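Below is one structure, written out as structure tokens; the observations come after it.
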Amino acid sequence: MPPPLTTDQVAAFHRDGYLFVEGLLDSEETMLLTEAARKDEGMQRAAMDVKDTAGRRTNLSLWNHPGDDIYGAIARSERIVNAMEELLGGEVYHYHSKLSAKEPRVGGAWEWHQDYGYWYQNGCLFPDMASVFIAVDACTKENGCMQVLRGSHLLGRIEHGRSGEQTGADPERVREALKRLELVYCEMAPGTGLYFHGNTLHCSVANTSDKSRWGLLCCYNTRANDPYKEHHHPRYTPLVKLPDSEIKTTGAKPSAATQSFLAQEKDRTIGGRNN
Ligand SMILES: O=C(O)CCC(=O)C(=O)O
Numbered sequence: 001m002p003p004p005l006t007t008d009q010v011a012a013f014h015r016d017g018y019l020f021v022e023g024l025l026d027s028e029e030t031m032l033l034t035e036a037a038r039k040d041e042g043m044q045r046a047a048m049d050v051k052d053t054a055g056r057r058t059n060l061s062l063w064n065h066p067g068d069d070i071y072g073a074i075a076r077s078e079r080i081v082n083a084m085e086e087l088l089g090g091e092v093y094h095y096h097s098k099l100s101a102k103e104p105r106v107g108g109a110w111e112w113h114q115d116y117g118y119w120y121q122n123g124c125l126f127p128d129m130a131s132v133f134i135a136v137d138a139c140t141k142e143n144g145c146m147q148v149l150r151g152s153h154l155l156g157r158i159e160h161g162r163s164g165e166q167t168g169a170d171p172e173r174v175r176e177a178l179k180r181l182e183l184v185y186c187e188m189a190p191g192t193g194l195y196f197h198g199n200t201l202h203c204s205v206a207n208t209s210d211k212s213r214w215g216l217l218c219c220y221n222t223r224a225n226d227p228y229k230e231h232h233h234p235r236y237t238p239l240v241k242l243p244d245s246e247i248k249t250t251g252a253k254p255s256a257a258t259q260s261f262l263a264q265e266k267d268r269t270i271g272g273r274n275n
């Protein structure tokens, strides 16, 4: 099979700390994902209440192991995992997935943070970890699309502390980084994927629009970076890749009643955050 990404795309990821892949899911796959997520009562019931500094709420459902549902078919699809392996330079496993659902007018902001800012606490020695944010809805400035600081993964891990009810990166460092690095609004059509490095600074503002902003995030760790201790996300667990066609074969299948979601009180990450 040919490599899923070009050399230029891989180089851009290493330079910028992120990479957009338009049409990561085609329109039929995106429609199936949207249909499944909208009707997934189990997932919605399991959503954690992540409040921003203004008290606005984002619904975040998080699960460690991919299920037999459409989210699992996506998180294990060769297309998505092979690209992740190219970007991280080796075998990856599923660290967790989450649905970040900002509802119209009430969906909250995410403070500037690096995912490795939290994952570091979980016994992961190296920042050889990354996520792909897949737009379910169109993501725009108005509905609180993700923002990234270009090249910020090269800053290394920044200290994280409490910021309202969330945990954010050291505000002094963020202020200085904002003066030096380009801020990129990640406006994305449904089905577009944004791969981003575990040390890439990212945030998003509240959804003040009348449109929802849902995104599916699949997060991966490298096998070589198997955490040295048990924590609330899996240690190395081989990922069985599925052919891309499995997404359509699975169809708009929501999570099973047996799927286990992370409960807010079980979150042992500093600051009670969800990552
Ligand atoms: O949904 C968003 O805008 C960002 C989510 C995020 O940063 C996270 O889950 O770590």
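For the sequence shown, counting from 1, position 168 maps to 168 in my numbering; every step adds exactly one.
Glycine included, each C-beta is placed from N, C-alpha and C at the ideal position.
As the structure is a computational prediction, the values presented were derived from the model and not from experiment.
Counting along the chain, Glu22 sits inside no alpha helix (DSSP H), nor does DSSP assign it H or E at all. The way I'd put it, the stretch 222 to 239 doesn't touch the stretch 193 to 211; fewer than three beta-carbon pairs between them come closer than 8 angstroms.
Scanning its chain for C-beta atoms nearer than 8 angstroms, with the 5 sequence neighbours on each side dropped, one finds around Phe126 the residues Thr222, Ala224, Asn225, in chain order.
At a threshold of 7 angstroms, Ser204 counts as near ligand 1, since its beta carbon sits closer than that to one of the ligand's heavy atoms. The DSSP-derived three-state label of Gln147 is strand. A residue is called buried when at least 16 other Cβ atoms come within 10 angstroms of its Cβ; Ala256 does not meet this threshold and is exposed. The C-beta distance from Lys98 to Leu62 rounds to 4 angstroms, short enough to fall under 8 angstroms. Secondary structure within the stretch 74 to 101: the alpha helix (DSSP H) runs of 4 or more consecutive residues, fully enclosed, are 78 to 88 (chain order). In this structure, Glu86 places its C-beta atom within 8 angstroms of the C-beta atom of Leu5. Between the alpha carbons of Gly23 and Ala263 lies a gap of roughly 32 angstroms. If you keep only unbroken beta strand (DSSP E) runs of at least 3 residues inside the stretch 188 to 227, you get 193 to 197, 202 to 204, 213 to 222. With a cutoff of 8 angstroms on beta-carbon distance, Pro234 and Tyr95 are scored as near each other. When DSSP reads this structure, Phe126 sits in no beta bridge, so it has no partner. Beta-bridge annotation (DSSP): Ala169 is paired with His160.
For His14, there is no enclosing beta strand (DSSP E); the residue is part of the alpha helix (DSSP H) that begins and ends at 7 to 16. Beta-bridge pairing by DSSP links Tyr236 to no other residue.
Close CB contacts of Gly193 within its chain, under the 6 angstroms cut and outside five residues either way in sequence, are with Val21, Leu24, Val132, Ile134 (chain order).
Look at His65 here: in three-state DSSP terms it is coil, with no helix or strand label. Annotation for Glu111: the continuous beta strand (DSSP E) segment containing it runs 110 to 113. DSSP, reduced to helix, strand and coil, places Thr53 outside both helices and strands of the structure shown, so it counts as coil. Counting other Cβ atoms within 10 Å of its Cβ, Leu183 stays below 16 and is therefore classed as exposed.
Note on geometry: alpha-carbon atoms of Gly251 and Ala177 lie some 43 angstroms from one another.
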